[in-house]
Structures are given as structure tokens and as C-alpha cells.
Amino acid sequence: MISRRAALTLIGAASAGMASHTFANSSGLSPMDLRGSIDVSKHGITPGGGDRQRRKLNEIIATAARQNMAVFLPPGDYQVSNLDLPDGTRIAGMAGASRLVYSGGGYLIRGDGARRIELSNIVIDGANGRLDDQSPAIVRLTGVENAIIDSCEIIGSGKTAIYLERSGGRIERCRISGAGEYGLFAVESSGLSVTGNTIFDCGNGGILIHRWNKGKDGTMVTGNRLYRIGATNGGTGQYGNAINLFRADNVMVAGNHISESAFSAIRANSASNAQIVNNQCFGSGETAIYAEFAFEGAMISGNVVDGAANGISVVNFNEGGRLATIAGNIVRNLKPIGPYVLDEAIFGVGISAEADTAMTGNVIENVPLWGLAIGFGPYLRNVLASGNIVRQAKVGCAVTVVEGAGNALIAGNLFEQVRDGAVVGHRWKQAATAELGRGDNTGFKHLTIEGNRIV
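Structure (C-alpha cells):
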């Protein structure tokens, strides 16, 4: 007698065997593949096999995606080009050893209009080869709802390493280097996380979070390490930024370690509600942390800036830039020169703000020009500078006294070793008053100055 349980077991085993046989006959893949990933070496794809294997590899990727399976690349160099990733693609390898190397003649990896594409533990090497005019990067994903690139190494792109358009997902624990343009360029993102990556030696930028039109973005850029970010295209800030937000609102930039950027460590242009917190910014060529042009809302707190031309700037009230808190930052060891020469340029300023901004609890040390800068020309409205420490500066706080400037409150700050004054009124870049820091009848109705300590 056969028990009911034994009968069910036999039926299940027979069904699995039929499914395996059917899959093998219809797809050309062996039943062994059903136990996990498809090992490409079992289907004629071998390291060093040349680009002639490309068509077969594309077929394997497409078949695996239809069956909701992963593709496994054993260690070795696979010279390929023009790989198209359909919805459901999962490609994995042996970290640091499984390499897709661009063989030229178009693009390397492209995926369009998918719910999910995943790449993990593979090296993607552009071999510094020429990409076609339609390919901005060696990895281009467009319209991918959940793009996952995890623990990969992306190197040697003549243009950008990773380009994401209208996509979400996560770029995590990757090592990106040697890109001629940018490490990661993400435009029109939705629910994107960029976390724990190391990005270095990129020609014009590290991580770019952009939008075609100003609007909600919500990307999180956290815990990344970026260094040696260049500006081979020159300019006055369009290039050379380790992390750059443009028109992207509601973005968080937190806990990143950034050094040796040609321009800014973090630059937010026309990006509202940016949260820039707890970052370390060393050796920036221009302004270390920037919130500029048409933005409303910036929270800049807990950052360390050591070495830059300017520390933190929250400016461009003339373009609508307003509403910020700048709190609990350390800014030190600035220099009086920047990466370009312009008559209107000002370098050597610790923290600058123009409109509807509270600057509280910051420590600024060893700056060649102004520790604090409040307003510029007539562009000043509702700025509070309170509880800050400024030491070793030419002027502790430069505040605008140009006609039409709005209100400022400068109270309870400590100034030490400020050679030309603690609080001095300025007309544009030129000093226009004697010491105002003691609050004695300044003669300027838009200023309230009280309770400061000058050592």
C-alpha cells in the first residue's frame, strides 16, 4: 500500500522532472540551471571568447529574465558590447573577478523600460573605448522602476560610468573610477538611493542628481566616499563637484566623506528642501558646500569643512534663493584663492547667507577674509547670526549696509583674533564702517547688534 503522503511526493517529483525537461527543450538550458543561477560557462560563454559570444550572451540573459532567474558569470574577462537588458535581468559574478570588458562598436550595457534590472558583484570595464553618440555611459538604464547595481566595480568609461534616466532603485557598495565625465548621472529619479559607494578620479563630477524641470526628486545620497573629482571642462562651477543637485527638490545628502574636489564637495543649485548634514568635506577647490540660485529651504548642519576657498554659502537671493538653517558646522583653514579669476569673485569666507536664514552654533577658524558674511549689496532679509565662534579672521562678520538691505540680528557671538574688526559694515566688497560689534548706536536701522564678545 502507498500512503497518501508518498503518493503526493511521487507526483510532485514527476511534475518537477517534466518541468525541467520542458524548460531544457524549450530554452536550451539544462535542468541543472533550475537549481539557481544560469552558469554561462555551461552554454558556451567563456572568458576570452571575444565579442562573437555577444549574441549568445544576450540570448541567455533574455531567457533567464523570462524565467525569473539570474545569470552567473564565472571569473574571467568577457569581451562584449551592445548588451541589452530586458525586464527581470539579474546578472551576478564573483566580486572583483568576473569582468565585462567593452569591445567597442556602440555601447556596453543598456536597459530600457523595465520594472527591475539587477547587476551585482561584477566588474564593468569600459576599457576607455569610444562609445557611440547615443550612449552617455557604459551602463545606461532608462525608465527602470527598480534599478539595482550592488557591489560592482565600474571603471574606464570614456564618458560617464552610470547614467540613470527616469529610474529608481539603489546604487550601493560600488567602486566607480576613471570616468571621463561623471561617476553617476541620475536625471528625473524616483525613489533612488545612492549609498556606500566609493567614487574617485572622475573627470567632471562624482554624483549628479538632476532634473529637466524643477520638482520633487527625493533621492538619498548617503555614506559615500568621493575623492579626486576633477573639472577637465573648466568653468566656474558647472563641473568639478563631488555631489551636485540641480533642480532636484527634497534630496538628502548625509554622512558622506569627500576630499579633493576641483570645485564644491556638495553643490545644490535650484534645489529646494535640501538636507545637507553630517558630511566631511576636505580640500575643496572652491566653495565646499553651496546652496544657490532658485531654492527655498536648505538645512545645512553638522558638517566639517577643512580646506576650501569658501566654506558654506547660502546665497543668490536675487534669484529667489532663501530659507535656510546653518547650524553646528565647523569651517576652518580656508584659502584666499579659487580655481578661476573673476573681478566679482570673493574667496576666503567662512559662512555666507542672504535671506530668511538662521546661522547658529557654528565654529569658524583660520579664514583669510570674513568669518561670517551677512547679505551682499541690497540682497539681505531676515538673517540671524547667533551663538557662533569666529577666530583668526580678517573680519569676524561682514554685514551689508547698502541702501535697501533688509533686517539682520547679530547677537551673542564670540569673536577672537579678528584683525580688522569683529562686525564691520560693507558696501559690496568694501569695508564702509568702523567697528559695530559692540552694538553702540550703529546708525543702521536694519541692524540689531548686541551681546557679542570681542577678544
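The sequence shown maps to residues 909 to 1363 in this note's numbering. Glycine residues also receive a C-beta, built at the ideal position from the N, C-alpha and C atoms.
C-alpha of P1244 to C-alpha of L1231: approximately 28 Å in a straight line. If you ignore the 5 residues before and after G1019, its C-beta comes within less than 8 Å of the C-beta of D992, L993, P994, T997, I1025, R1048, L1049, T1050, V1052 and A1055, all in its own chain and listed in chain order.
Contact holds between the stretch 979 to 988 and the stretch 1001 to 1013, because three or more Cβ pairs, one in each stretch, are under 8 Å apart. In this structure, the alpha-carbon of N1274 lies about 59 Å from that of D947. Here N1296 has N1270 and N1321 as same chain residues with Cβ atoms under 6 Å from its own Cβ, once five neighbours each way along the sequence are excluded. Counting along the chain, the unbroken beta strand (DSSP E) around T1233 starts and ends at R1230 to A1235. Per DSSP, the unbroken beta strand (DSSP E) holding K1122 starts and ends at G1113 to K1124. Scanning its chain for C-beta atoms nearer than 6 Å, with the 5 sequence neighbours on each side dropped, one finds around C1189 the residues I1166, A1173, A1196 and V1213, in chain order.
Taking every protein chain shown into account, the CB of Q1338 has fewer than 16 other CB atoms within 10 angstroms, so this residue is exposed.
Taking all protein chains in view, the Cβ of N1132 is crowded by 16 or more other Cβ atoms within 10 Å, so the residue is classified as buried. As DSSP reads the structure, W1278 sits in a beta bridge with V1303. Restricting attention to D1125, I1137 and T1144, the CA atom closest to the CA of F1154 is found in D1125.
Residue nearest to L1027 within the set Y1071, I1079 and G1064 is I1079 (criterion: CA-CA distance).
The beta-carbon distance between T1106 and R1083, rounded to whole angstroms, is 5 Å. This is short enough to meet the 8 Å contact definition. Residue pairing from DSSP places L1322 in a beta bridge opposite I1297 and R1361. The residue among I1070, I1063, S1065 and G1064 with its C-alpha nearest the C-alpha of I1057 is I1070. The Cβ atoms of G1099 and G1123 do not sit closer than 9 Å to each other.
Sixteen is the threshold: when 16 or more other Cβ atoms of the shown chains lie within 10 Å of the Cβ of Q961, as they do, the residue is buried.
Spatial neighbours of G958 in its own chain (CB-CB distance under 7 Å, excluding positions within 5 residues in sequence) are listed in chain order as Q987. In the three-state scheme derived from DSSP, where H, G and I count as helix and E and B as strand, Q1188 is classed as strand.
When DSSP states are grouped into helix, strand and coil, N1152 belongs to the strand group.
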